[in-house]
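Add 208 to a position in the sequence shown, counting from 1, and you land on the number used in my numbering. Here is the structure we will look at, set down as structure tokens.
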Amino acid sequence: MNRTAYLLAAALLLASCGGSAARTGRAGDATRTAAAAEPVHYTYRVKAVHPHSTSAYTQGLFFAEGLLWEGTGQYGQSVVQRTDLATGRTEVLFRLPRSEFGEGIALVGGELFQLTWQSNTAHVYDPEKRTGLRDHRYAGEGWGLTTDGEKLYMTDGTANLYTIDPATFRRERRTTVTLRGEPVELLNELEWIDGRIWANVYTTDQIVIIDPATGRVEGIVDLRGLLPDEDRTPGTDVLNGIAYDAATGRIFLTGKNWSKLFEIELVRQ
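If you want it as structure tokens, here you go:
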């Protein structure tokens, strides 16, 4: 989505990686607390590259049933589609009305959930019958969505991570995501990986790895340079989209209007 007003806030987030205790001059217990909460830093290694449609403004991404599922944004262009990476074949499952801007998606209990940016509506579909099941209303904006297989987890562009009951879409819990004790704003697309939530931080080349029980950022993945400069065009937007194949351990990343989907592995720094 075109949220350029958040660029300054994103810059402040990146600056926070320098450590809050050092900036404030606090020492002693505060320094020890900050050190204890220091996240693990990672870079990456590209293992494989797949084509990705430059018309897909990626808002939600996950891997299930051997296929890559993707929710896209932009008014008049928002769809949910799934792709067979082996053949490259893509099929569109659902299209939003022109008045709605698609956001995060998740599949739980055989039901497909799709957020909308500012329409305050979550759509629920039967992906096999290609029919809508119900809609849920929610307050605020919709950004990222993922699931642990039972509950949904949602972001709204703030530092909040909401735990949601899929049956009612009621918010059961709100957790503030923090890095060294400071809130992390602009949490965007989400993925559940091995008991942790990975979140794109909007407008940055960083993913944060979050303990969902505490909200603490336990890891930071630096993905600068993932999409080479020669593959960028005036239409290329920011990193966004994390998918995990639990059966093989593969991690997929892409971005809004990117020409490539990357399979990566983490490299601890």
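Using N, Cα and C, we set each Cβ at its ideal position, and we do this for glycine too. A quick note: this is a predicted structure, and the numbers were derived from the prediction, not measured.
Exposure label - residue i; buried when at least 16 CB within 10 Å
{"i": "S286", "result": "buried"}
{"i": "K499", "result": "Missing from the structure shown is residue 499; the chain here goes from 209 to 477 and no further."}
{"i": "R382", "result": "exposed"}
{"i": "G463", "result": "buried"}
{"i": "S327", "result": "buried"}
{"i": "A367", "result": "buried"}
{"i": "D402", "result": "exposed"}
{"i": "A455", "result": "exposed"}
{"i": "V385", "result": "buried"}
{"i": "A244", "result": "In this predicted model, A244 has a pLDDT of only 49, less than 50, meaning its place in the structure is not dependable; the value taken from the coordinates is given anyway. Classification of A244: exposed, given that the 10 Å Cβ count is below 16."}
{"i": "T478", "result": "With the chain represented from 209 up to 477, any question about residue 478 goes unanswered, as that position is not in the structure."}
Three-state secondary structure assigned by DSSP to residue i
{"i": "E246", "result": "coil"}
{"i": "E336", "result": "coil"}
{"i": "D343", "result": "strand"}
{"i": "D453", "result": "strand"}
{"i": "D430", "result": "strand"}
{"i": "E438", "result": "helix"}
{"i": "R306", "result": "coil"}
{"i": "Y370", "result": "strand"}
{"i": "R297", "result": "coil"}
{"i": "R480", "result": "Because the chain spans 209 through 477 in this model, residue 480 falls outside it and cannot be assessed."}
{"i": "T376", "result": "coil"}
{"i": "V425", "result": "strand"}
For residue i, the residue or residues it bridges with in DSSP
{"i": "Q322", "result": "I313 and H331"}
{"i": "Y252", "result": "L474"}
{"i": "G399", "result": "Note that residue 399 is Glu in the sequence shown here, rather than Gly. Answer is W406."}
{"i": "Q414", "result": "D430"}
{"i": "K468", "result": "P259"}
{"i": "A272", "result": "L275"}
{"i": "L387", "result": "E390"}
{"i": "F460", "result": "A451 and E471"}
C-beta atoms of residue i and residue j nearer than 9 Å
{"i": "Y370", "j": "L394", "result": "no"}
{"i": "N396", "j": "W466", "result": "no"}
{"i": "H260", "j": "L469", "result": "yes"}
{"i": "V248", "j": "R476", "result": "yes"}
{"i": "Y361", "j": "L353", "result": "yes"}
{"i": "L474", "j": "T251", "result": "yes"}
* Is the region 417 to 429 touching the region 442 to 450, taking contact as three or more C-beta pairs under 8 Å? -> In short, these stretches do not touch, since the Cβ pair count stays below three.
* Taking one C-beta from the region 260 to 268 and one from the region 298 to 313 each time, how about it: are there three or more such pairs within less than 8 Å? -> Pairwise C-beta distances place the region 260 to 268 in contact with the region 298 to 313, as three or more of them are shorter than 8 Å.
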